[in-house]
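Down below is the structure, laid out as structure tokens.
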Amino acid sequence: AQSVTQLDSHVSVSEGTPVLLRCNYSSSYSPSLFWYVQHPNKGLQLLLKYTSAATLVKGINGFEAEFKKSETSFHLTKPSAHMSDAAEYFCVVSDQGGNQFYFGTGTSLTVIP
Amino acid sequence: GAVVSQHPSWVICKSGTSVKIECRSLDFQATTMFWYRQFPKQSLMLMATSNEGSKATYEQGVEKDKFLINHASLTLSTLTVTSAHPEDSSFYICSAVRPSNYYNEQFFGPGTRLTVL
Chain H
266 AQSVTQLDSH VSVSEGTPVL LRCNYSSSYS PSLFWYVQHP NKGLQLLLKY
316 TSAATLVKGI NGFEAEFKKS ETSFHLTKPS AHMSDAAEYF CVVSDQGGNQ
366 FYFGTGTSLT VIP
Chain S
113 GAVVSQHPSW VICKSGTSVK IECRSLDFQA TTMFWYRQFP KQSLMLMATS
163 NEGSKATYEQ GVEKDKFLIN HASLTLSTLT VTSAHPEDSS FYICSAVRPS
213 NYYNEQFFGP GTRLTVL
């Protein structure tokens, strides 16, 4: 079975400092992994995805994530936080066929000016 | 990327009435669509999996007679909240799966906010 654990329910950083949002996954197969962002009262936007190609994945808005099989992790990072990054972030794993998608509980990112 | 729309974006209704929410994949065909419910400051909760041409598969605890799902075409799925009550007030989000040879990617609609008075 597939599952994801987002280790931090809330992260707070100062503007201009690095962002790290942690995600660990459990999967019986080689997984596909995604990070989505949701701004208040908005739908979900795909930041990036890993689908068994390069382990370092670059996404939109300066975000990137590294797939580490040995650590079963897919942490999301950004070198320098911007005020507009304040939002809810979800890590998602899909099953082998891509027919089911499992959400983490979300991490709320606050950016302090 | 692919586009998924939802209509309406926000609906307010009286208790006891039924509300229909539409989810459309605008530029691809989706054999599978998902319906989620999201409470404030919480993650998405999968309600049901909608497959074109067949009955929806509901998650445990979701009343299928309360939340009617119809996936009549490859680009449209509808969720009808029947006899809505204030506790049904929530943010409902659909997603459509675009299949490919390598992996199936999920595209989300912008969500529908339902307020039941």
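Chains H and S, in that order, give the protein sequences.
To convert, take the position in the first sequence, counting from 1, and add 265; that gives the numbering used here.
To convert, take the position in the second sequence, counting from 1, and add 112; that gives the numbering used here.
Glycine included, each C-beta is placed from N, C-alpha and C at the ideal position.
Cβ-based burial, residue i [other Cβ within 10 Å; buried from 16]
i                      : result
residue 212 of chain S : exposed
residue 197 of chain S : exposed
residue 172 of chain S : exposed
residue 308 of chain H : buried
residue 133 of chain S : buried
residue 226 of chain S : buried
residue 301 of chain H : buried
residue 138 of chain S : exposed
residue 205 of chain S : buried
Inter-residue Cα distance where the pair is residue i and residue j
i                      : j                      : result
residue 306 of chain H : residue 170 of chain S : 25 Å
residue 352 of chain H : residue 217 of chain S : 22 Å
residue 337 of chain H : residue 267 of chain H : 12 Å
residue 330 of chain H : residue 207 of chain S : 23 Å
residue 210 of chain H : residue 269 of chain H : Nothing about residue 210 of chain H can be reported from this structure: the residues present for chain H run from 266 to 378 only.
residue 296 of chain H : residue 368 of chain H : 13 Å
residue 277 of chain H : residue 177 of chain S : 42 Å
residue 156 of chain S : residue 342 of chain H : 22 Å
residue 320 of chain H : residue 136 of chain S : 33 Å
residue 291 of chain H : residue 128 of chain S : 42 Å
residue 286 of chain H : residue 188 of chain S : 35 Å
residue 360 of chain H : residue 199 of chain S : 32 Å
residue 117 of chain S : residue 147 of chain S : 13 Å
residue 310 of chain H : residue 294 of chain H : 25 Å
residue 383 of chain H : residue 152 of chain S : The displayed coordinates of chain H run from 266 to 378. Any statement about residue 383 of chain H would go beyond what the structure contains.
residue 358 of chain H : residue 288 of chain H : 10 Å
residue 322 of chain H : residue 159 of chain S : 30 Å
residue 224 of chain S : residue 209 of chain S : 19 Å
residue 274 of chain H : residue 140 of chain S : 35 Å
residue 350 of chain H : residue 335 of chain H : 29 Å
residue 333 of chain H : residue 222 of chain S : 31 Å
residue 154 of chain S : residue 318 of chain H : 31 Å
Cβ separation of residue i and residue j, assumed to be a contact under 8 Å, to the nearest whole Å
i                      : j                      : result
residue 355 of chain H : residue 303 of chain H : 7 Å
residue 203 of chain S : residue 150 of chain S : 4 Å
residue 272 of chain H : residue 339 of chain H : Between residue 339 of chain H and residue 272 of chain H the Cβ distance is about 12 Å, and since that is not below 8 Å, they are no contact.
residue 142 of chain S : residue 186 of chain S : 6 Å
residue 145 of chain S : residue 119 of chain S : Not really, about 14 Å apart at Cβ, beyond 8 Å.
residue 174 of chain S : residue 201 of chain S : Not really, about 16 Å apart at Cβ, beyond 8 Å.
residue 194 of chain S : residue 180 of chain S : 6 Å
residue 192 of chain S : residue 131 of chain S : 7 Å
Near the ligand HEM: residue i beta-carbon under 7 Å from a heavy atom
i                      : result
residue 270 of chain H : Because no ligand of any kind appears in the structure shown, any question about the ligand HEM cannot be addressed here.
Does the stretch 367-376 of chain H come within contact of the stretch 161-178 of chain S, defined as at least 3 CB pairs closer than 8 Å? no
State whether the stretch 274-286 of chain H contacts the stretch 335-351 of chain H, with contact taken as three or more CB pairs (one from each stretch) at a distance under 8 Å. yes
Indicate whether the contact test is met: 3 or more Cβ pairs, each with one atom in the stretch 124-132 of chain S and one in the stretch 309-318 of chain H, closer than 8 Å. no
Minimum length 3: unbroken beta strand (DSSP E) runs contained in the stretch 282-337 of chain H: 284-286, 288-291, 297-303, 309-315, 321-323, 329-333
Suppose only complete runs of 3+ residues qualify. What are the beta strand (DSSP E) ranges in the stretch 121-173 of chain S, listed by chain order? 122-125, 131-137, 144-150, 156-163
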